[in-house]
Amino acid sequence: MRDTTQRPTPRAGGATVSLRISTLLWTDAARRRELLALLEKRRDTIAEVAFFTSFTHPPLPYSRVAELARQLHTIMPPFKALGLRVGINHLSTIGHLDENLENSLSEPWQKITDVNGTAAKGSYCPLDTRFQAYVRDCYKVLAEAGPDFIWIDDDVRMAHHPPAQVSCFCDLCLGRFAEETGEPWTRARAAQVLLGEATPESRELRAKWVAHNRRLIAELFDLIRAAVDEVNPGLPLGFMCCPLVYEGMAFDRWGEALAGPRGVPVKWRPGGGFYTDAQPLEMLRKAHQVGRVAEAIPGADTDIQYEHENFPYQKLKKSETIFVAEAGAALAAGCTGVALNLMGISPDPVDEYLPYVERVRAAQPLFDRLVALAGRSPCEGLWPSLTPDIWAAGTGRTQADPLPCLTELAEIGLPPAYSRAGACVHLLSGHAVDAFPRAELEAMLAEAVLLDGPALQRLQAAGLAELVGFEVVGTRDRDTIERFTGDELNGRHAGWWRDCRPSFWRTDAFLLRPLSESARPLAELIDFNRASHGPVMGVFENRLGGRAAVLGYYPWTSLQNLAKSTQMKRLCQWLSRDRLPAYVSSFHKVALWCRRDAKGQLVMPLLNASCDTGCNVRLHVRADGPFQMVRADAGDEAIQASGRDGAYQVLELPALRPWEMVLVVSAAAAKASAQTR
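Position 326 of the sequence shown, counting from 1, maps to 1356 under this note's numbering, and the rest follow consecutively.
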């Protein structure tokens, strides 16, 4: 049954655009004809398709999987004849959630179980050997259908299998964990130790639990690879991966398992959430999530397709403009393609969704140039510092993942970094400090660190406050306002206020005491009577040669007035000693990513994350020009330089339309990329 024909790869070096197709569409003859006509017409845009095995979320009985595989064996050849890469997207391996249970796999095998003993009827524990045999049979029969690849969907995770939540704490998993730790475990003890308050002992055991979760997923991938190898040892496997912080972010180990002993290239599809444009800025949060995953994926793998989700597929819930901007943000963050999941979960005609395809087609030249130039180069800028064991540093109520520290900083035009390789400034928040050994914290503090009050408290406890230049001496929970000092970093905004009104949005303010005469307060805390309560923000250059800034008042949110956004940009430039490759220096909501081409030249995607046209956007770039701006729907435009600011050339950009993505590159790179399109 195996088709070993080599398929062409369109647009080598550009962005891959693929289409995922519901069972309700591909099993309907009329819809198949429509799809074939669409794909033949848009062969210049769509490079591959993946056929779903289900449109509901628990695993299917093996007999149903085998029946679908037989149908796909007959259905796929006409799609392959168009020159497409054609694969199977197996939606449910262990199960997502309880849905359509009467038509789903129903076996007396171990179900995913949370710490309270709640079992998910539609999700199975991967440690049950009977279930493992079922999984082996499913993937073997899918491989026999002759696909060019198989996607494993994101139900391969250990958290969130409703109604079970944090999992799996079934007897099998607790027994395995007892073997791994050499001590007995019950759900009651797991709730107290693994999901309770943080202590040094609990953090150590939580790290072992993360390692346990890593192994469970790796073992399942080993099993799937072995099953597929019985049929086609060269068949690529792919994994739709969410952030997987609880699972230990072991993309290297999982990649080895999926590649198998022959090192077959692995496909990856990072994603999760952002189904509608009700809150359009959520696309940036998701872009940062997938960017972090993309940089953790093994460097040998180049097929990284963003999971572009419109579920439950109601056209008016996401505009075409936001749809294209979302794809661009994902490519800017490090993906090399986009997997479109945009068609309905019904056997109805799909005409209403076709404008999405046309808009992606119009943006394809820009996307191709971005991916061809940036490749898999890391993003450079502000790094929310984390380790694969970051979950272990939190508690049952408070997670240590520092990604939210980045959100507003990136919205105001400071570039993100998604790994230490691109870190110009390290962001440290609260419990995240506990994830790092002392030597690594000192290494960060020898460079550039931006931290909040809870993080400083933990550094104090570790005896490292003297490297920050301040210590926390108290907190206030209401009636607090930040007032900027006359420090030169505040420039013309000395004396300006930021009132975040904690009576509405509760966040403690952390009062600071300088530990050195060279520690410089940048803001003081005042109340409604304008009485000063002492420093609440400050900077310091320490004996290791590093620079640190502590933010004691709403450190990561409410940064978007003129004074604060300007201060944060000047601060990050100072912290990094002008190592930030670029930033948006004007007062605009424009997101920026900084990558490099093969020659080390800057590649800078920008997204106007606003409903207003961005006029007079100013970009500080630590490189010499000339530069050009590449738009999706127009020729390249030369960018005027208005002068220099120290190490930076200051560029004045042409107007950016609402939610428009553009690419700023050197004139030479723009010319070269235009010639190779």
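We treat Cβ as the ideally placed atom computed from N, Cα and C, and that holds for glycine.
Q. Counting pairs of Cβ atoms below 8 angstroms between the region 1587-1607 and the region 1492-1509, do you hit three or more?
A. no
Q | Helix, strand or coil at Gln1670 [DSSP, three-state] | A | To locate residue 1670, count along the sequence shown from 1; it is residue 640. Strand, per DSSP.
(Q) Taking 8 angstroms as the cut-off, does the region 1372-1384 touch the region 1398-1416 (at least 3 CB pairs, one atom from each stretch)? (A) no
**Q.** Exposed unless 16 or more other CB atoms sit within 10 angstroms - verdict on Asn1243
**A.** As a working mapping, residue 1243 is identified with position 213 in the sequence shown. So Asn1243 counts as buried.
Q. How big is the Cα-Cα spacing for Leu1444 and Glu1129?
A. Counted from its first residue, the sequence shown places residue 1444 at position 414. Counted from its first residue, the sequence shown places residue 1129 at position 99. If I take the Cα positions, the gap works out to 42 angstroms.
Q. Hey, how far is the Cα of Leu1202 from the Cα of Gln1162?
A. Residue 1202 sits at position 172 when you count from the first residue of the sequence shown. Residue 1162 sits at position 132 when you count from the first residue of the sequence shown. Straight-line Cα distance between these residues: approximately 13 angstroms.
**Q.** Per-residue burial, Phe1558 [other beta carbons within 10 Å of its own, 16 or more giving buried]
**A.** Position 528 of the sequence shown, counted from the first residue, corresponds to residue 1558. Exposed.
(Q) On a Cα-Cα basis, can you pick out the residue from Trp1056, Thr1148 and Arg1389 that is closest to Ile1105? (A) Here residue 1105 is taken as the residue at index 75 of the sequence shown, counted from 1. When each option's Cα is compared against that of Ile1105, the closest is Trp1056.
Q. In terms of residue numbering, what span does the alpha helix (DSSP H) encompassing Gly1578 cover?
A. The count along the sequence shown starts at 1 and reaches residue 1578 at position 548. Looking at the sequence shown, residue 1578 is not Gly but Ala. No alpha helix (DSSP H) holds Ala1578; the beta strand (DSSP E) holding it covers Arg1577 to Leu1581.
Q | Pro1156 and Leu1250 closer than 8 angstroms at C-beta | A | Taking the first residue of the sequence shown as 1, we reach residue 1156 at position 126. Taking the first residue of the sequence shown as 1, we reach residue 1250 at position 220. A contact, by the Cβ cut-off of 8 angstroms.
Q) In or out: Cys1645 buried (at least 16 other Cβ within 10 Å) or exposed? A) As a position in the sequence shown, residue 1645 is number 615, starting the count at 1. So Cys1645 counts as exposed.
Q. Three-state secondary structure (DSSP) at Phe1082?
A. Residue mapping note: residue 1082 aligns to position 52 of the sequence shown, counting from 1. It is a strand residue.
**Q.** DSSP state of Asn1646 mapped onto helix, strand, coil
**A.** Sequence index remark: in the sequence shown, residue 1646 carries index 616 (1-based). In this structure, Asn1646 counts as coil in the three-state DSSP scheme.
Q: Using 10 angstroms around the beta-carbon of Arg1531, count the other beta-carbons present and answer buried if the total reaches 16, otherwise exposed.
A: The residue labelled residue 1531 in the question sits at position 501 within the sequence shown. Under this definition Arg1531 is an exposed residue.
Q. Measuring CA to CA, which of Arg1648, Arg1652, His1650 and Leu1622 is closest to Ala1639?
A. Working through the sequence shown from its first residue, we reach residue 1639 at position 609. Comparing Cα positions, the closest option is Leu1622.
Q: Helix, strand or coil for Tyr1164, going by three-state DSSP, please let me know.
A: Residue mapping note: residue 1164 aligns to position 134 of the sequence shown, counting from 1. Helix.
Q. Which stretch, first to last residue, makes up the alpha helix (DSSP H) that contains Arg1488?
A. Taking the sequence shown and counting its residues from 1, the one referred to as residue 1488 is at position 458. Where Arg1488 is concerned, the enclosing alpha helix (DSSP H) stretches over Gly1483 to Ala1491.
(Q) Is the separation between the beta-carbon of Asp1509 and that of Asp1538 shorter than 8 angstroms? (A) Reading the sequence shown from its first residue, position 479 is the one you call residue 1509. Reading the sequence shown from its first residue, position 508 is the one you call residue 1538. Not a contact, by the Cβ cut-off of 8 angstroms.
Q: Please list, in chain order, all residues of the same chain as Val1223 whose beta carbon is under 6 angstroms from its beta carbon, the five residues on each side excluded.
A: Residue numbering aside, residue 1223 sits at position 193 when the sequence shown is read from its first letter. Cβ within range, chain order: Ser1232 and Leu1235.
Q) Per DSSP, what kind of secondary structure is Gly1411 in: helix, strand or coil? A) Numbered from 1 along the sequence shown, position 381 holds the residue referred to as residue 1411. In the structure shown, Gly1411 sits in a strand (DSSP, three-state: E or B).
Q.
For the structure I just gave you, are there three or more beta carbon pairs, one from the region 1444-1456 and one from the region 1617-1631, closer than 8 angstroms?
A. yes
Q | Under the three-state DSSP convention, the category Asp1507 falls into | A | If you number the sequence shown from 1, residue 1507 lands on position 477. Asp1507 falls in the coil class under three-state DSSP.
Q. For Gly1125 versus Pro1088, is the C-beta distance shorter than 8 angstroms?
A. Counted from its first residue, the sequence shown places residue 1125 at position 95. Counted from its first residue, the sequence shown places residue 1088 at position 58. In contact: Gly1125 and Pro1088 (Cβ atoms closer than 8 angstroms).
Q. How would you call Ala1198, buried or exposed, if buried means at least 16 neighbouring beta carbons within 10 angstroms?
A. Taking the first residue of the sequence shown as position 1, residue 1198 is located at position 168. For the record, residue 1198 in the displayed sequence is Cys; it is not Ala. With 16 or more Cβ atoms within 10 Å of its Cβ, Cys1198 is classed as buried.
Q. Roughly how many whole angstroms lie between the Cα atoms of His1650 and Val1660?
A. Your numbering for residue 1650 matches position 620 in the sequence shown. Your numbering for residue 1660 matches position 630 in the sequence shown. Looking at the two C-alpha atoms, the distance is approximately 18 angstroms.
Q: Return the residue from the list Tyr1613, Leu1098 and Ala1150 that minimises the CA-CA distance to Lys1141.
A: Residue 1141 sits at position 111 when you count from the first residue of the sequence shown. Considering only alpha carbons, the answer is Ala1150.
Q | Enclosing alpha helix (DSSP H) for Met1313 [first to last residue] | A | Locating residue 1313 in the sequence shown gives position 283, counting from the first residue. Glu1312 to Ala1326 is the extent of the alpha helix (DSSP H) around Met1313.
Q) Is DSSP giving Gly1564 helix, strand or coil here? A) Residue numbering aside, residue 1564 sits at position 534 when the sequence shown is read from its first letter. Strand at Gly1564.
**Q.** is_contact[Ala1241, chain B] using C-beta, thresh 8 angstroms
**A.** This model lacks chain B altogether; it includes just one protein chain.
Q: Under the assumption that Arg1648 contacts Glu1682 (Cβ atoms under 8 angstroms), give the Cβ distance between them as a whole number of angstroms.
A: Taking the sequence shown and counting its residues from 1, the one referred to as residue 1648 is at position 618. Taking the sequence shown and counting its residues from 1, the one referred to as residue 1682 is at position 652. Right, their Cβ atoms sit about 6 angstroms apart.
Q. Just reading off the beta strand (DSSP E) that Lys1110 is part of, what are its end residues?
A. Numbered from its first residue, the sequence shown carries residue 1110 at position 80. Note, Lys1110: premise wrong, no beta strand (DSSP E); alpha helix (DSSP H) at Tyr1092 to Lys1110.
(Q) For Ser1562 and Arg1468, I'd like the C-alpha separation in whole angstroms. (A) Position 532 of the sequence shown, counted from the start, is the residue given in the question as residue 1562. Position 438 of the sequence shown, counted from the start, is the residue given in the question as residue 1468. For Ser1562 and Arg1468, the distance between alpha carbons rounds to 35 angstroms.
**Q.** Among Ala1671, Arg1513 and Tyr1583, nearest to Ala1593 - alpha-carbon criterion
**A.** Sequence index remark: in the sequence shown, residue 1593 carries index 563 (1-based). If we check each option's Cα against that of Ala1593, Arg1513 comes out closest.
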